[in-house]
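Chemist: Structure in structure tokens, see below.
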Amino acid sequence: MSVVLDHASAAHGSGRTGLTGANGAGRTTLLRLLAGELAPTSGSISRSAAVGVLPQHLARLTATCD
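Written out as structure tokens, the structure reads:
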């Protein structure tokens, strides 16, 4: 297991916030943690508002509606 974040904290105002980093830096993992899709193995995450994540690659449905 590798550490994704260690002693990190952030506060953001209203509006849009961008997240950048190199490949493998943990951006997707961080967003999944913030959105509640993943549970932290240690520590805690607190948020005062809803967090939305729109994945870049959406699952493709193969079934049809008849």
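Counting in the numbering used here, the sequence shown runs from 558 upward without gaps. We put the beta carbon where it would ideally sit given N, CA and C, even for glycine.
Between the Cα of Arg-573 and the Cα atoms of Thr-621, Val-610, Ala-579, which residue gives the shortest distance?
Modeler: As a working mapping, residue 573 is identified with position 16 in the sequence shown. Ranking the options by Cα distance to Arg-573, first place goes to Val-610.
Chemist: On a CA-only basis, which of Ser-605, Thr-586, Gly-575, Ala-606 is nearest Pro-597? Give me that one, please.
Modeler: In the sequence shown, counting from the first residue as 1, residue 597 sits at position 40. Taking only the C-alpha atoms, the option nearest Pro-597 is Thr-586.
Chemist: Whose CA, out of Ser-559, Ala-579, Ala-568, His-564, lies closest to the CA of Thr-606?
Modeler: As a first step, residue 606 must be located in the sequence shown, where it is residue number 49. In the sequence on display, residue 606 carries Ala and not Thr. For Ala-606, the nearest C-alpha among the options comes from Ala-568.
Chemist: Give the secondary structure of Thr-586 by DSSP, where H, G and I count as helix, E and B as strand, and everything else as coil.
Modeler: For this step, residue 586 is matched to residue 29 along the sequence shown. Thr-586: helix per DSSP, three-state reduction.
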